[in-house]
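Some notes on the structure that comes next.
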Amino acid sequence: MAADGPPAERRPLRLGRVSPAKTRIVDRGRAISVALKLYVGLIFLFIFAPIAASFVFSFNSDRFPSLPLGHFTTDWYEAVFTDPLVITGFENTLVVGACTSILSTIIGFGAAYTDYRFHFLGKKLYLALALLPPTIPVVILGLGMLAYFARLGIAGELWSVILAHVVMCAPFAMAIIRLRLSQMDQSLEAAAWNLGADEWTALRCVIVPFTMPSILAALFITMAVSFDEFAVAWFVSGLNETLPVRVLGFLQGQVSPRINAIGTVVFLSSITLVVIAQILLRNRARTSDPSGNAH
56 MAADGPPAER RPLRLGRVSP AKTRIVDRGR AISVALKLYV GLIFLFIFAP
106 IAASFVFSFN SDRFPSLPLG HFTTDWYEAV FTDPLVITGF ENTLVVGACT
156 SILSTIIGFG AAYTDYRFHF LGKKLYLALA LLPPTIPVVI LGLGMLAYFA
206 RLGIAGELWS VILAHVVMCA PFAMAIIRLR LSQMDQSLEA AAWNLGADEW
256 TALRCVIVPF TMPSILAALF ITMAVSFDEF AVAWFVSGLN ETLPVRVLGF
306 LQGQVSPRIN AIGTVVFLSS ITLVVIAQIL LRNRARTSDP SGNAH
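Going by the working numbering, the final residue of the sequence shown carries number 350, and the count climbs one at a time with no gaps.
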């Protein structure tokens with residue numbers, strides 16, 4: 056048996072030195088990351104600081120927003136909820152928002168399903184026109200709606216506000232539902248046909264259940280958009296003012312602390328609708344995978 060040789064020497068590992076160029080790249084990346092975070096933080100501060108100030112001053116007893124604050128009070132909320140003009144504007148806003156969300160979601164679903172299901176000449180043009188209204192300046196859209204509704208004899212009616220908001224909100228519903236349909240396996244609908252279902256049955260039993268989370272999300276998103284919309288409603292509402300238009304009336308007269316209370320109510324209502332929509336959109340990934348199979 057051969058004798059064992061001397062044990063092999065273990066040499067310490069030598070870690071290579073990081074070059075100055077790589078160090079500069081890492082430091083530059085960290086600096087850019089910090090700068091981007093600071094930039095995003097400033098954007099959020101710029102957006103939410105006025106909202107937070109409005110919320111704080113809505114409970115301030117002083118008539119004008121100034122520091123130091125007065126004592127805590129809910130008088131401005133009581134003044135808002137006992138004002139007949141505000142109550143009427145809020146009722147109009149709820150009616151317009153509910154009708155707009157339902158009609159916009161129905162139209163958006165039909166437009167999204169048409170884009171998903173059919174192939175035809177000019178499909179790209181169809182998609183561009185369907186998503187066009189949100190890109191039009193609201194002043195131009197409002198003036199056009201006012202002129203068109205005046206010729207139809209419905210300018211100043213509540214239905215004119217609903218129709219104008221549907222034109223604005225339907226593309227949002229279409230985009231949300233279209234995104235959901237793009238994740239669906241097209242063989243599912245074909246399988247339903249092979250099992251004897253007609254097109255309407257396949258639509259009702261396959262397409263609608265699959266897109267239901269996005270349909271509900273579209274309902275809440277379009278209601279939030281309608282709830283906050285001001286410019287087009289100002290042009291076409293006439294005497295049937297929505298709540299945002301009513302706020303403008305307060306601003307034209309004098310600075311009223313009720314505006315802070317109304318703004319807080321509108322913001323909380325809108326953010327609640329948006330949060331519900333986001334929850335529905337996030338939960339849809341947990342209920343089904345991209346091929347449509349339930350987990």
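Glycine included, C-beta positions come from ideal geometry on N, C-alpha and C.
Grouping DSSP H, G and I as helix and E and B as strand, with all else coil, what is residue i?
{"i": "Asn315", "result": "helix"}
{"i": "Phe127", "result": "strand"}
{"i": "Asn295", "result": "coil"}
Is it the case that the Cβ atoms of residue i and residue j are separated by a distance below 9 Å?
{"i": "Met278", "j": "Ala153", "result": "yes"}
{"i": "Pro139", "j": "Pro188", "result": "no"}
{"i": "Ile317", "j": "Val302", "result": "yes"}
{"i": "Met200", "j": "Ala185", "result": "no"}
{"i": "Thr266", "j": "Met239", "result": "yes"}
{"i": "Ile231", "j": "Leu336", "result": "yes"}
{"i": "Asn315", "j": "Phe110", "result": "yes"}
{"i": "Leu196", "j": "Asn295", "result": "no"}
{"i": "Phe204", "j": "Val291", "result": "yes"}
{"i": "Ala286", "j": "Val150", "result": "no"}
{"i": "Thr160", "j": "Ile270", "result": "yes"}
{"i": "Val221", "j": "Leu180", "result": "no"}
Taking residue i as part of the alpha helix (DSSP H), name the residues at either end of that continuous run.
{"i": "Val261", "result": "No alpha helix (DSSP H) contains Val261, which DSSP labels as neither H nor E."}
{"i": "Glu244", "result": "242–249"}
{"i": "Ala185", "result": "178–185"}
{"i": "Met239", "result": "Where Met239 is concerned, there is no enclosing alpha helix (DSSP H), given that its DSSP letter is neither H nor E."}
{"i": "Phe145", "result": "139–172"}
{"i": "Phe204", "result": "193–207"}
Using C-beta distances below 7 Å, list every residue in its chain close to residue i, excluding the 5 sequence neighbours before and after it, in chain order.
{"i": "Ala332", "result": "Ala272, Phe275, Ile276"}
{"i": "Arg313", "result": "Trp131, Ala134, Val135, Phe305"}
{"i": "Val261", "result": "Leu243, Glu244, Ala247"}
{"i": "Asn147", "result": "Leu213, Asn295, Glu296, Thr297"}
{"i": "Arg118", "result": "Pro312"}
List the whole-angstrom C-beta distance separating residue i from residue j, where the pair is believed to meet the contact cut-off of C-beta under 8 Å.
{"i": "Thr155", "j": "Ser281", "result": "4 Å"}
{"i": "Gly125", "j": "Ala228", "result": "That belief does not hold up - the Cβ atoms of Gly125 and Ala228 are roughly 44 Å apart, past 8 Å."}
{"i": "Gly293", "j": "Ala210", "result": "7 Å"}
{"i": "Arg233", "j": "Asp170", "result": "6 Å"}
Leaving out five residues before and five after residue i in sequence, what residues of the same chain have Cβ atoms less than 6 Å from its Cβ?
{"i": "Val330", "result": "none"}
{"i": "Ala288", "result": "Val216, Thr297, Val300"}
{"i": "Met56", "result": "In this predicted model, Met56 has a pLDDT of only 48, less than 50, meaning its place in the structure is not dependable; the value taken from the coordinates is given anyway. Nothing meets the Cβ criterion."}
{"i": "Val320", "result": "none"}
{"i": "Phe114", "result": "Phe127"}
{"i": "Pro105", "result": "none"}
{"i": "Ala202", "result": "none"}
{"i": "Leu207", "result": "none"}
{"i": "Ser116", "result": "Gly125, His126, Thr128"}
Measuring from the CB of residue i, is there a heavy atom of the ligand ZN at a distance below 8 Å?
{"i": "Met239", "result": "With respect to the ligand ZN, the structure shown offers nothing to examine, as it has no ligands at all."}
Give me, in chain order, the residues of the same chain whose beta-carbon lies closer than 8 Å to that of residue i; leave out the 5 immediate sequence neighbours on both sides.
{"i": "Ser237", "result": "Tyr171"}
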